[in-house]
Amino acid sequence: MTDLAIDLLWLVILLPLAGALFLHFVGQRLPEPMAGLLASAAIGLSFLVGLVGAFPFFQGDGEATTILLWSWMPAIGANLELLWDPLSALMTLIVTGVGFLIHVFAIGYMHGDERFGRFFVNLNLFAASMLTLVLAGNYAMLFLGWELVGLCSYLLIGFWFTRDSAAGAAKKAFVVNRIGDFGMMVALMLVFAAFGTLSYAGIFDRAGEVLTTGVATAIGLLFLLAAAGKSAQIPLYVWLPDAMEGPTPVSALIHAATMVTAGVYLVARSAAIFELSPTAQVTVATIGAATALWAASIAIAQYDIKKVLAYSTISQLGYMFMAVGATAYVAGIFHLMTHAFFKALLFLGAGSVIHAMSDEQDMRKMGGLLSKMPVTGVTMGIATLAIAGVPPLAGFWSKDEILGSLFARGGWYGVLWVVGLLTAAMTAFYMTRQWVMVFWGEPRWSEDAHPHESPGMMTLPLIALAALTVVGGFVNTPFRFTLEHFLEPVFEGVSMQHPPEGWGMFALMAGISVFAGLVGLAAAGLAYRRPMEDWAEFEQGLQPVWGWWEQAYRVDDFYNVTVVQPGKKAAEAAAFSVDLPVIDGAVNGVGRLARGIGERVRVLQTGQVRNYAALLFAGAIALVVWLAVTGA
Amino acid sequence: MVEAVLFVLMAVAALTGAVTVVLARNPIYSAIGLLGTLFSVAVIYVVHLAHLVAAVQVIVYAGAVLTLFLFVIMLIGVDKSERRIETLPSQRIGVGAIAILLIAGVVAITVFGNFEWVPAAASVIDLDATNGTVAAVAEPMFTDWVLAFEATALLLTIGAAGAVALAHYRRRN
Amino acid sequence: MVAPGWYMALAAALFLVGALGLLIRRNALVMFMCIELMLNAVNLTLVAAGRALNDINGQVAVFFILVVAAAEVVVGLAIIVSIFRLRSTASVDELSEMKG
């Protein structure tokens, strides 16, 4: 059974791909829920195949296997091959599992959209692309998936492309990601130049002998650039908040739970290369810490329910980068997993709220919704507590492990630990603020709004994710390091950072981080449970800092002035002072030349056959004379 | 001596026929003039021991081709409207110049035409010994030139098909 | 024995007449006959030269020229016939649509 599942592993990718293709051609003609049900079934089956295939790893006797599907360019190691090891298995289960729940949710959420079928085409295509990325057995295939998820992200952000803001956001995401992809391409060139192959098998085992520290650092930093683009880290995070223009299930699936974690996966997968370059590791961790703090501060002052979650996602991704940068790979992947649960839950909950409020996203116009939509409120509350790091929810265990690992590593990482704690407090603050603003206090919605609990199709995934959020953390606790042992074979050859040993240290670490979380939680709770006038006054009291946070430090304006406008100017200059006079001039000049010559020689074409004959004879005689003169 | 007499007679006949082709106002006379030239040239071929070529000249050219010409002349009517005076001004100058040059060439060949004939060693045979048999022509044609032979066969087929396609008369409606 | 040069001269004269006829005459049929004259002049040089050089390939070449000339006549006459159908004339001066 299990062997069969591994042999049929390609089905994991093929099922959603086939779903996308099928729906592409017939989806528009299906009655509404059918397209969504089919898409959900495809990804659900994909999950089951992955689950059965992962069984040996659960039992602890599985071996990493490479499944060659098709030899494409064996000479450079670019084949269609799948690497099935605990890491890719875990990623597969996260993508398909969370993806399945979000698909189901989307059936309810997208109800009534005229391009309902098209939405599930893109969603399924995304799942297939993301699975290609995580199951790839070489960097070429990983890059294929990497670009495909970027494409799907573009398509789905711009799903409601008739809105200017959505089209612009899609374009922005695509262009910013291009910068990261540039780093990816150069990194892959370096890898190929050093190893002569792109296959994982030929790279990781030999990394120590082949790479010098300098090359490893270069590759690592370029990978970081790529990851910063895809995973929205400083300085390339600006696309993610705008990506909230997409439908909320998309935000949940792509821009919170799965695609944006690709950068974390990339760093973890390339651990053998980062192993050789402490510089690259420190840079990854520092970028992560900076992003975590930066984004958390912005999230505090947002009023758009999805914007808060977007900045929160950036911040949490920064957490994961801190972990993998500090070589605490298991902690990073662990947080990736728990974050997928509770952030998907938060986004879906936000979607449910938006749905209930008839597409209202401003939290200042909500409030007191708990009684109207109890399921959404309670599940989102659980997720809020989880992300705030309240034990024993999932977020507590994973966040605590990251912080502990940072502390144990010491030195500069100790500074990052402090940053992490600060971020944890801020995270607790803004998440509590959000929950209280939406579900507590006096209702502030207008009279035409009739908030109501969402249908079962939407609340069931919420409940499932809430359950995962509650129990998900127990896979890796100091009492039982299940995930640690599960992932150990993947990181066999590299050194790994662990949290400090001993129950005393654990209690100390947990105490500090829980305290930080509770401080944020309590502060927000106290501030925002009061009427709006009071907390508006409190926010005004924080000016001008609050204004900076609210406007996201005006980074977009900064980029606009420093990058976008000069770029547009350069393009304009190229278009109007180079292209128009020089290139077009040359082309038109050639045309004018030909026309001028034609104008002059057209008199030769009299249309008289006998004229032509005379010219023919003249030519022939000239030839004969020439031959006679040259003596041939 | 016989050859000299034949040459003079045939040369005069051929040139007379050629001039007739050009000068006759009635195309039928032109065709008759061409016939005379073709026959005269055929006689010269026989003198040169080119019996097969001579036979083909008479049968295909004088027989088939010329008959075709006459058919077409009859089909489209004898057009006598053509005037002797040149109507294209530019053509007059051109024809004058070319005529002078061509006449100069003819004179040059007549005066300096006693070339030294140097045979190419590879393809020399004793032409007199063949006595003008068909076998002498057939042998190189079906060995060295067999590809050209097949190509011309194909050309004839295409030509025939093309002629049918061109001249086929489609009745309107 | 007549020197080969005389045959060359005769061929040149025939070619001259044919060429001038082609340039002067306007009747497409007569022009065609002039082309045949020129072809015959060339054939004559080939046969005479082959004789002078003791080379049978001259006659082979003439044979091929005859075949190609036959094909050309067939197609050319078909064109003349179809032009005549359209224009009711065989004068080439009437056909100057291709003037540049």
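Residue numbers (the numbering used here), protein chains in the order written: chain A, 1 to 632; chain B, 1 to 173; chain C, 1 to 100.
By construction, the Cβ of each residue, glycine as well, lies at the ideal position given by its N, Cα and C atoms.
Keep in mind that this is a model prediction, so the values were computed, not measured.
Checking the DSSP bridge columns, you'll see F481/A partnered with N476/A. Across the set M457/A, T313/A, F204/A and A386/A, the C-alpha of M457/A shows the shortest separation from the C-alpha of P33/A. The criterion of a C-beta distance shorter than 8 Å is satisfied by V47/C and Y45/B.
Counting along the chain, no beta strand (DSSP E) covers M532/A; the unbroken alpha helix (DSSP H) around it starts and ends at M532 to G541. Within the DSSP secondary-structure output, E81/A pairs in a beta bridge with L68/A. Put simply, the CB of I24/C is near chain B, with a gap under 8 Å to one of its CB atoms. Sequence-distant partners of F57/A (beyond 5 residues in either direction) whose C-beta falls short of 7 Å from its own C-beta, in its chain, are P86, A89 and F486. In the DSSP assignment, the residues bridged to M73/A are A78/A. Bounds of the alpha helix (DSSP H) holding S312/A are I305 to G325. Excluding residues up to 5 positions away in sequence, M244, T248, S251, F347, A350, I354 and Q361 lie with their Cβ nearer than 8 Å to the Cβ of K306/A in the same chain.
Contiguous alpha helix (DSSP H) elements confined to the region 328 to 394 of chain A occur at 329 to 356 and 374 to 388, taking only those with 4 or more residues. When only Cα atoms are considered, D55/C and S96/C end up about 45 Å apart.
In terms of Cα proximity to N27/C, the closest of A138/B, E86/B, Q57/B and F149/B is E86/B. Under the criterion of beta carbons closer than 8 Å, T469/A and F342/A qualify as touching, at roughly 5 Å.
The beta carbon of F22/A lies closer than 8 Å to those of L38 in the same chain, with the five residues before and after it left out. Here DSSP, grouped into helix, strand and coil, assigns N122/A to helix. With 16 or more neighbouring CB atoms inside 10 Å of its own CB, K172/A falls in the buried class. Spatial neighbours of E116/B in its own chain (CB-CB distance under 8 Å, excluding positions within 5 residues in sequence) are not present. DSSP places D55/C within a strand segment (E or B) once states are collapsed to three. For the set A394/A, W417/A and L266/A, the Cα lying nearest the Cα of G472/A is the one of A394/A. Interface flag for Q608/A against chain B is set, since a Cβ pair is found closer than 8 Å. In this structure, the alpha-carbon of Y528/A lies about 10 Å from that of V438/A. The region 269 to 277 of chain A makes contact with the region 203 to 213 of chain A, as at least three CB pairs between them are under 8 Å. Under the three-state reduction of DSSP output, V238/A falls in the coil class, being neither helix nor strand. A residue is called buried when at least 16 other Cβ atoms come within 10 angstroms of its Cβ; G58/C meets this threshold and is buried. Taken through DSSP and simplified to helix, strand or coil, N26/B comes out as coil.
Taking each of G53/A, L521/A, V555/A and Q497/A in turn and checking the Cα distance to A268/A, the smallest one comes out for Q497/A. Boundaries of the alpha helix (DSSP H) harbouring S513/A: W503 to Y528, taken from the DSSP string. Only residues of its own chain outside the window of five on either side were considered, and among them G180, G183 and M184 have a CB closer than 6 Å to the CB of A226/A, listed in chain order. Chain C places no beta carbon closer than 8 Å to that of A622/A, leaving this residue out of the contacts. Judged by DSSP in its simplified three-state form, A90/C adopts coil rather than helix or strand. For G100/C, the residues of chain A that pass the 9 Å Cβ criterion are G598, V601, R602, V603, L604, Q605, T606 and G607, in the order they occur in the chain. For the pair G168/A and W239/A, the Cα-to-Cα distance works out to about 10 Å. In the same chain as R85/C, and ignoring 5 residues on each side of it, no C-beta atom comes closer than 6 Å to its own. For a cut-off of 8 Å, the C-beta gap from L156/B to L77/C is around 15 Å, too long to register as a contact. Residue burial is scored here from C-beta neighbours: W503/A has fewer than 16 other C-beta atoms within 10 angstroms and is therefore classed as exposed.
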